[in-house]
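Notes to accompany the following structure.
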Amino acid sequence: VMEFKRLEKGEEMEEQLTAALAQIREKQCPATLRAEGCGEVLELAIVFDGKRLMVRERLPATE
């Protein structure tokens, strides 16, 4: 599951990476995919700042 964010003026990349992973969790995307038969679900937060980007990954524990 990937969540993309674009950095706005005054925002920090680390904060947006954390927010993107939180948004994935809030939408319950990984749980829904596992319920449909997917095994491991990798969560990716991708934040763009012009031509720069940062990526953070999380492999949540299965429920």
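Residue numbers (full-length UniProt numbering): 1 to 63. Idealized CB from N, CA, C, for every residue including glycine. Since this is a predicted model, take the numbers as computed values, not measurements.
(request) Below 7 Å CB to CB, which residues in the same chain sit around Leu-53 once its five sequence neighbours on both sides are set aside? (result) For the purposes of this step, residue 53 is taken as residue 53 along the sequence shown, with counting starting at 1. The residues are Ile-46, Val-47.
(request) Could you tell me which residues DSSP pairs with Glu-57 in its beta bridges? (result) Within the sequence shown, numbered from 1, the residue matching residue 57 stands at position 57. Answer by DSSP bridge pairing, in chain order: Leu-44.
(message) For residue 138, which residues in the same chain have their Cβ closer than 6 Å to its Cβ, ignoring the five residues on either side in sequence?
(response) Since the displayed the chain opens at 1 and closes at 63, residue 138 lies outside it and no answer follows.
(request) Would you please state the rounded distance, in angstroms, between the beta carbons of Leu-21 and Arg-56? I believe it to be under 8 Å. (result) Translated into the one-based positions of the sequence shown, residue 21 becomes position 21. Translated into the one-based positions of the sequence shown, residue 56 becomes position 56. That pair is a contact at about 6 Å.
(request) Return helix, strand or coil for Glu-26, following the three-state DSSP convention. (result) Within the sequence shown, the letter at position 26 stands for residue 26. Helix at Glu-26.
(message) Can you give me the C-alpha to C-alpha distance between Glu-14 and Glu-40, rounded to a whole angstrom?
(response) Here residue 14 refers to the residue found at position 14 when the sequence shown is read from its first residue. Here residue 40 refers to the residue found at position 40 when the sequence shown is read from its first residue. Whole-angstrom Cα-Cα distance: 25 Å.
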